[in-house]
Structure formats: structure tokens, C-alpha cells
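The structure under discussion appears below in the form of C-alpha cells.
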Amino acid sequence: MLRAAPALMVILLVIPVLLGLAAVVLPAFGYLPVLGLTDPGLAVWRELLEVPGIGHSVALSLAAGVITPLLALLLVMLFLAAVSGTRWARIMRQLVAPLLAVPHAAAAFGLAFLIAPSGLALRLISPELSGWQRPPDLLILNDPLGLSMMAGLVLKEIPFLLLMALAVLPQLHADQRVAMARTLGYRPVYAWLWAVAPALYPLLRLPLFAVIAFASATVDVALILGPSLPPPLSVRIVGWFADPDLTTRMLASAAALLQLTVTLSAIAIWLIAERLLTPLLRQLSLRGIRRRGQATINFIGRSTLIVTLGTLMLSLMVLCLQAFAGPWRFPDNLPTAWTIQHWQSVGSVLSTPLGNTLLLGLTSVLFTVALVLAALEYESRRGLAPQRLLWAIYIPLLVPQVAFLYGLTLLLEQLRWQPGLLVVGFSHCLFVLPYVYLTLADPYRRLDPRWQQLAAALGASPMRVWWRIKLPLLLAPIATACAVGFAVSIGQYLATLLTGAGRVSTLTTEAVALASGGTRGPIAVWALMQTILPMLGFALALALPRIIWRHRQAMRGSLT
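Each residue of the sequence shown is one higher than the one before, starting from 1 at the first, in this note's numbering.
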């Protein structure tokens, strides 16, 4: 069974993506026999290129795919350089996983309520500082350049990149590198930038490509914060797919391939920029700058990321305010009354989406955690290279969801698979599995092998060692991986919408469905429920080892 786990992981992660991409190729060229279209050609592509505003949609997606990871990477690197070896690093290590748990849609709604013309940010300075007695006529949300959409993406991708960086830093021996650079006269920030950052960046390249793929093809964040006339390309694809006119399926297929091209172009631009900037950065490091600008970089690194993550937490606070807010006229800082009416209005229809969300999250987490543990144990027993599965792990994250999920849905329709919880749960596993693996792999590999050798010397079988030694020692990271996977499942919007054909409602689909309306209270309730469930998962992940190992202090946070 252990031997089959790595192969099953590769099959689960690679085959659906390849089949989904293959399923959109023929319809993109006008071949869809189920509709009686058997004469392939380029007519669909000509129709796509003549769609009004298609160039602007492509430009929006491409810009988001390049600017978002660039800003997120810059902020993470500067912050790590500024706080290396300080208590800020330890604090951030505790905060990053819960912040990662916040779904993209919930963070986008919170940011929208914060920066809107009638949002909390402008209320706090009105009318005393701004002079506004009414909400200003400013196009902040859904701006045509997609700036608010990119801001929302940066807010969510920073915790992801920070978590990936913190996971790989131990294998770089960053403290030793910084200490060596300090002996040559470099101040702490420059010691980290010149000695650690060049070694860290190659390990972050695949996570960065995953950020590029998500940012260039996001749907839920684009629906909430992005422009609408015209919207990004991914939003248009979903609209064409949902159109009652079935001939638009071919247009959606061509656009899905175009979306894949946009994402690959963004990755290509990133690689070209990397090639161009590497010699310049190398020359800069050889100049031997040791002190000049140290205080400025230190201030920028700490303040910008603290402000960014503070904005994310403030956005969540605004959701709480809106969920219980009664009448709240501009420019009042707080509502004039509080109410539970929004919760009562949502409560009558909450049970089904909540039940589906819990069922999908728990089943996908249990399946993927079991599969990852089996694959890692097989890798450990066989002494296999740690990176052998990494290429397969990132495939669902590197290929735009809207491209292969749309094709996968077409394929399932042709196979007459009925949309339902089983199909949606399978699609959730595609995205939960990579995050569970990335969260659990490093602690599993860092487990001291002497414990296993000692148990084996006492006559314990490999399976007994696994059950009685390894799993108890890995309880904390396993619980954390379960919490991360549960949060990823809750945040799946497009996978639920497409593979469920709109028949499977979850907290995320219901929240995003209200994005076009102006009822802030119900939106805040749905978004808050989205956030509460992952937070409860992380609280349970932190509490479980402490409860079970309450008499063994050293094991309470082992290998987290």
C-alpha cells in the first residue's frame, strides 16, 4: 500500500490536469460533436479576438500575474532581512498559518469594506481631516486598472510566500550564513540580503510560479475587487461557460487556452526579468555595501509588511462590524445600533452550504493527509530523493484553474458523470493535496531517525515504529497540515462552481454570489463564516497536541 501511494499522488495530480487541458483543445477549434459541430477551424478564435475589450481583459490578467508576485516577494524578502534572528520572526511564525487560513474571498470582501468610498478607512478621517460629509465620488473598488484587485491578491499571497520561506530557511542554515557575513563587517540586514536571499530565492521559484498562475487567473477576487467593464479574462471564461447558449462553450474553450497562454507568458516574463536582473544584483553585492542605508531598509522591511498584514487583520475586523451593524450612515465611525438581523436572514439558508463545506473539507483532508503520510513513509523507507514528487505537487497550482477545470467539466459531462459532492470532493483534493504535502513534508523529513533506530533495535516492526513512534512525534505538524488543507478546501470557489455545475452550494459560492449586490450585512455574515471555520481548525490544531501531551512538554509543539 505504501508503494502505491506516490504513484497514486502523481495520477491524482497530473492526469486530471492533462485531461482537462486536452478536453478544451478540440472545442477551441470548433469541434464539438455533441452539438453537431464537426468541422474544425479557426472561426472560434476569430470570434474571440473580435470580442469587445478582450485585449484589455488579457492585459489585466497579465499585469496581475506579474505585479502581484513581484510586490509580495519584495515585501517578504525585505521583512525577513529586517527581522532575522529577532522576536518579530518568532511572532510572525505563529501568525502566518492562521493568516493563510483566511479564504481569498473573505479577505477580498473585508478589504472592499475597508477601502470603499463609504468604507471604514475614509470614515476614520471624515469629516475632521477630509471634510467629507458624504462618501466621495472615487472609483476605488473595481477600478479599470485592477489596482484594488492586485492589492487584495498581494494581501493573501504574502502569508503564502512567507510560510514557504519559513519552511525552507532551516535547510539553508541562515543563522550561520548571517554570522559569517557579520564577521566580514556587514550589518544584519545586508548580511541576510547578500548571504541568505540568493540561496533562498531558487527554493521559492515554484511557489512564485504558483502565485503567478493564481493571480493571472483568479475568479473570486476578480469578481469582488476587479473591474467589470471589461473584467479579467478568467471572469469572462466563467461567464461564457455559464451562458445558456451552448455554442459559447467553444468560445469559453478558446478563451481557456488563451488564459493558459497568458499565464505561461507571465511566467516567461518573470524568467526573462530574472535573467536580466541577476547580473545586476550580483554586481551590486560585489560592491561590498555593508552599512549604508541599513536603517532605511530595516524600517521599510518591518513597516511595510506589518502594515500589509495589519490591513488584512483590520479587514477581518470590518467583516465582524458589518455582520452585526445596524444603521451606519457616513461619516459615522461606528454603527448607531447593533443587530443580529443579518444572521437571522442568513440562518434560514445556512445549513446546506455549511454542511456541504464541512463534508467536503473533512473528507478531502482525511484522504489527502493519509495519502501524503503514506507517500512520505515510502520515501523515508526507500531513501528516495526529497524532490522527486515536487514537480507533480505543483502542477495543479501552476496550471490556471479556469483552464483545466473547465475542460475537466466538459469531459465529465461527456462521460455522463452527474455533478455532485463526490465530483466536487475529488476536485477539492487536487488543490488540498499540494498544500498538505508542502506543510507536512519538511517536518516528516526532519524527524530524528535515531528514534526509529532505537525502536527497531528493540524488535519493533517498521509499521509498529510508524504507528507508535513517528505519528505521535508528528502529531503537531499533522494537525497543522489538516488545518491548512481544511482552509484550502473551504476557499475553493471555481472548483466547486464548475465541477458542481452550480448544484453544490458552499459558504464560498454563496458569498461570492452576493458580490454584485449591495447588501453588506449578509455578505459579511457569509464571509465571516468562511473565516471562522478555518480559524477553528487552526485553534484545534494548536490545542490538540497540548491536550494530548499535557504531561510531556517537549512534544506539545514538536516539529511545527
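Using N, Cα and C, we set each Cβ at its ideal position, and we do this for glycine too.
Span of the alpha helix (DSSP H) around residue i
{"i": "Asn-569", "result": "Since the first residue of the chain shown is 1 and the last is 560, residue 569 is not available in this structure."}
{"i": "Ala-374", "result": "341-382"}
{"i": "Gly-211", "result": "The displayed chain sequence assigns Val, not Gly, to residue 211. From DSSP, the alpha helix (DSSP H) with Val-211 extends over 197-216."}
{"i": "Pro-331", "result": "Element bounds for Pro-331: n/a, residue is neither H nor E."}
{"i": "Ser-57", "result": "54-83"}
{"i": "Val-484", "result": "475-490"}
{"i": "Tyr-394", "result": "390-398"}
{"i": "Gly-146", "result": "Segment: none, Gly-146 is in no alpha helix (DSSP H) and carries neither H nor E."}
{"i": "Ser-253", "result": "248-286"}
{"i": "Asp-220", "result": "220-225"}
{"i": "Pro-231", "result": "No alpha helix (DSSP H) holds Pro-231; DSSP gives it neither H nor E."}
{"i": "Thr-499", "result": "494-499"}
{"i": "Gly-420", "result": "Counting along the chain, Gly-420 falls outside any alpha helix (DSSP H), and DSSP gives it neither H nor E."}
{"i": "Asp-175", "result": "174-183"}
{"i": "Leu-129", "result": "Element bounds for Leu-129: n/a, residue is neither H nor E."}
{"i": "Glu-569", "result": "Outside the shown range of the chain (1 to 560) lies residue 569, about which nothing can therefore be said."}
{"i": "Arg-546", "result": "520-548"}
{"i": "Ile-571", "result": "With the chain represented from 1 up to 560, any question about residue 571 goes unanswered, as that position is not in the structure."}
{"i": "Glu-47", "result": "43-49"}
{"i": "Arg-3", "result": "Per DSSP, Arg-3 belongs to no alpha helix (DSSP H) and is neither H nor E."}
{"i": "Val-96", "result": "87-101"}
{"i": "Ile-115", "result": "104-115"}
{"i": "Leu-454", "result": "449-457"}
Where residue i falls, given that 16 or more other Cβ within 10 Å makes a residue buried
{"i": "Arg-177", "result": "buried"}
{"i": "Trp-194", "result": "buried"}
{"i": "Glu-274", "result": "exposed"}
{"i": "Glu-128", "result": "exposed"}
{"i": "Asn-333", "result": "exposed"}
{"i": "Phe-209", "result": "buried"}
{"i": "Trp-11", "result": "The identity of residue 11 in the sequence shown is Ile, whereas the question assumes Trp. Flag for Ile-11 reads exposed."}
{"i": "Tyr-109", "result": "A quick correction: the sequence has Phe, not Tyr, at residue 109. Phe-109 is buried by the Cβ-count criterion."}
{"i": "Phe-299", "result": "exposed"}
{"i": "Cys-320", "result": "exposed"}
{"i": "His-173", "result": "exposed"}
{"i": "Gln-530", "result": "buried"}
{"i": "Glu-379", "result": "buried"}
{"i": "Ile-547", "result": "exposed"}
{"i": "Ser-258", "result": "The sequence shown places Leu at residue 258, rather than the Ser named in the question. Buried."}
{"i": "Glu-157", "result": "buried"}
{"i": "Met-313", "result": "exposed"}
{"i": "Pro-545", "result": "buried"}
{"i": "Met-92", "result": "buried"}
{"i": "Asp-39", "result": "exposed"}
{"i": "Gly-500", "result": "buried"}
{"i": "Ala-4", "result": "exposed"}
{"i": "Asp-137", "result": "exposed"}
{"i": "Met-317", "result": "exposed"}
{"i": "Thr-368", "result": "buried"}
{"i": "Leu-559", "result": "Residue confidence is low: Leu-559 scores 44 on pLDDT, short of 50, so the model does not pin down where it sits. No coordinate-derived value is stated."}
{"i": "Ile-15", "result": "exposed"}
Cβ-Cβ separation, residue j to residue i (assumed contact under 8 angstroms), whole Å
{"i": "Pro-230", "j": "Ser-57", "result": "5 angstroms"}
{"i": "Ala-165", "j": "Leu-204", "result": "6 angstroms"}
{"i": "Ala-217", "j": "Gln-401", "result": "6 angstroms"}
{"i": "Leu-120", "j": "Leu-111", "result": "With a Cβ gap of about 11 angstroms, Leu-120 and Leu-111 do not count as contacting."}
{"i": "Leu-161", "j": "Leu-390", "result": "So it is not a contact: roughly 17 angstroms between Cβ atoms."}
{"i": "Arg-236", "j": "Ala-255", "result": "6 angstroms"}
{"i": "Met-250", "j": "Gly-30", "result": "6 angstroms"}
{"i": "Val-512", "j": "Asp-175", "result": "Actually they do not touch by this definition, with Cβ atoms about 43 angstroms apart."}
{"i": "Leu-433", "j": "Phe-79", "result": "About 29 angstroms separates the two Cβ atoms, so there is no contact after all."}
In DSSP terms, what residue i is bridged to
{"i": "Trp-467", "result": "Paired residue(s): none; Trp-467 is not in a bridge."}
{"i": "Leu-32", "result": "Leu-37"}
{"i": "Trp-338", "result": "Ala-325"}
C-beta neighbour in chain B for residue i, strict 8 angstroms
{"i": "Ala-254", "result": "Although the question refers to chain B, the structure presented lacks it and comprises just one protein chain."}
Between the segment 402-409 and the segment 16-28, can you find at least three pairs of beta-carbon atoms closer than 8 angstroms? Remark: three or more beta-carbon pairs, one from each stretch, lie closer than 8 angstroms, so the segment 16-28 and the segment 402-409 are flagged as touching.
Please determine if the segment 143-157 and the segment 52-64 are in contact, where contact requires at least 3 C-beta pairs separated by less than 8 angstroms. The segment 143-157 vs the segment 52-64: in contact.
Answer yes if the segment 491-504 comes into contact with the segment 421-437, meaning at least three C-beta pairs across the two stretches below 8 angstroms, and no otherwise. yes
Flag this pair as touching only if the segment 512-532 and the segment 333-348 have three or more C-beta atom pairs under 8 angstroms; answer yes or no. yes
Can you confirm whether the segment 23-36 touches the segment 262-279 when touching is taken to mean that 3 or more C-beta pairs between the two stretches lie within less than 8 angstroms? The answer is no - the segment 23-36 does not touch the segment 262-279, with fewer than three Cβ pairs under 8 angstroms.
Cβ pair count under 8 angstroms reaching 3, the segment 149-157 against the segment 217-226: Contact check between the segment 149-157 and the segment 217-226: three or more CB pairs, one atom from each, fall below 8 angstroms, which counts as touching.
Segment contact flag, the segment 451-460 with the segment 501-516, C-beta cutoff 8 angstroms, min 3 pairs: No contact exists between the segment 451-460 and the segment 501-516.
Determine, using beta-carbon pairs with one atom in the segment 69-89 and one in the segment 185-192, whether at least three such pairs fall under 8 angstroms. yes
Please confirm if the segment 536-550 is in contact with the segment 496-506, defined as three or more CB-CB distances below 8 angstroms between the two stretches. no
Do three or more CB pairs link the segment 323-337 to the segment 438-445 at distances below 8 angstroms? Judged by Cβ distances under 8 angstroms, the segment 323-337 makes no contact with the segment 438-445, as fewer than three pairs qualify.
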